[in-house]
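Asks: Start counting at 1 in the sequence shown, then tack on 434, and there's your number in this note's numbering.
Backbone N, C-alpha and C define an ideal beta-carbon position, used for all residues, glycine too.
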Amino acid sequence: MSSRRLWVLAAAALAVALLGTACSGGGDDEATEGGQEETQAPVSAGVLALSADTVFGPANIPEDQAASQVCVLASRFPRNSEIVWRARVIDPVSGEEMDDSMLDSVVVTLADGQEFEMRYGPHPADNATDFFWTTSFDVPKDYPTGTLSYEIVATGADDSTGTFKPFDVAPSLLTITDDVLKTIEEEG
């Protein structure tokens, strides 16, 4: 083996050894019962991962149309309709979904400053097949039309945070249309 090749191998071995020493935490770890040191990466408040979407809520959707419209993905909403935000929050360390025992809050904030606290629970309520975070907004009949910007911020009990913002692609942005749903009168 050439001396140049030996030099490269020795330098690589030294780099690996130094990297291993630097990553081991400097020997501050406590020994376990078996006499071996337990090394563990420090866990600190991280950035929570969020995924979210918007669907139609049941407000002012005629009963005969509910099955094809309620809880169906949408980004365009007429005035006098109900926008429902659904979200999942993922722990960055474990990769597990976070429920209301792990988070202090999950909040939707609209561009106009309105805030809506999300709640964690079963869906659908009468025959649950899933659990996630939700909140809704009944769009007033006179609400301005056009793009409605929003963000969702989750805050963990350990002060970790995460933010969801929709993709900035015009056709998929949440939009309030010129249409106005008729109010369904409650029978009583």
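Check D498 in the structure and name its three-state DSSP category.
Replies: Working through the sequence shown from its first residue, we reach residue 498 at position 64. Reduced to three states, the DSSP call for D498 is helix.
Asks: So, are the CB atoms of A486 and W519 less than 9 Å apart?
Replies: Stepping through the sequence shown from its first residue, residue 486 is reached at position 52. Stepping through the sequence shown from its first residue, residue 519 is reached at position 85. Contact: yes.
Asks: Can you grab the Cα-Cα spacing for the pair V504 / E497, in whole Å?
Replies: Residue 504 sits at position 70 when you count from the first residue of the sequence shown. Residue 497 sits at position 63 when you count from the first residue of the sequence shown. Looking at the two C-alpha atoms, the distance is approximately 10 Å.
Asks: Measure the C-alpha to C-alpha separation of V614 and F550 and round it to an integer number of angstroms.
Replies: Counted from its first residue, the sequence shown places residue 614 at position 180. Counted from its first residue, the sequence shown places residue 550 at position 116. Using only the alpha carbons, I get a separation of about 23 Å.
Asks: By Cβ distance below 6 Å, which residues in the same chain neighbour D533 in space, the five residues on each side in sequence not counted?
Replies: Position 99 of the sequence shown, counted from the start, is the residue given in the question as residue 533. Y554, listed in sequence order.
Asks: Would you mind working out which of D525, R522, E530 and P558 sits nearest G491, comparing C-alpha positions?
Replies: In the sequence shown, counting from the first residue as 1, residue 491 sits at position 57. Closest by alpha carbon: P558.
Asks: Quick one: Cα of M552 to Cα of D612, how far?
Replies: Along the sequence shown, one-based indexing puts residue 552 at 118. Along the sequence shown, one-based indexing puts residue 612 at 178. Rounded to the nearest angstrom, the two C-alpha atoms are 27 Å apart.
Asks: Is the beta carbon of L607 less than 9 Å from the beta carbon of T569?
Replies: Sequence index remark: in the sequence shown, residue 607 carries index 173 (1-based). Sequence index remark: in the sequence shown, residue 569 carries index 135 (1-based). Not closer than 9 Å, so no.
Asks: What's the C-alpha gap between I517 and G480?
Replies: Locating residue 517 in the sequence shown gives position 83, where the first residue counts as 1. Locating residue 480 in the sequence shown gives position 46, where the first residue counts as 1. Distance between the alpha carbons of I517 and G480: 30 Å.
Asks: Quick one: what does DSSP say A604 is sitting in, helix, strand or coil?
Replies: Sequence index remark: in the sequence shown, residue 604 carries index 170 (1-based). In the structure shown, A604 sits in a helix (DSSP, three-state: H, G or I).
Asks: Where does the unbroken beta strand (DSSP E) through Y554 begin, and where does it stop?
Replies: Position 120 of the sequence shown, counting from 1, holds the residue named residue 554. Where Y554 is concerned, the enclosing beta strand (DSSP E) stretches over R553 to H557.
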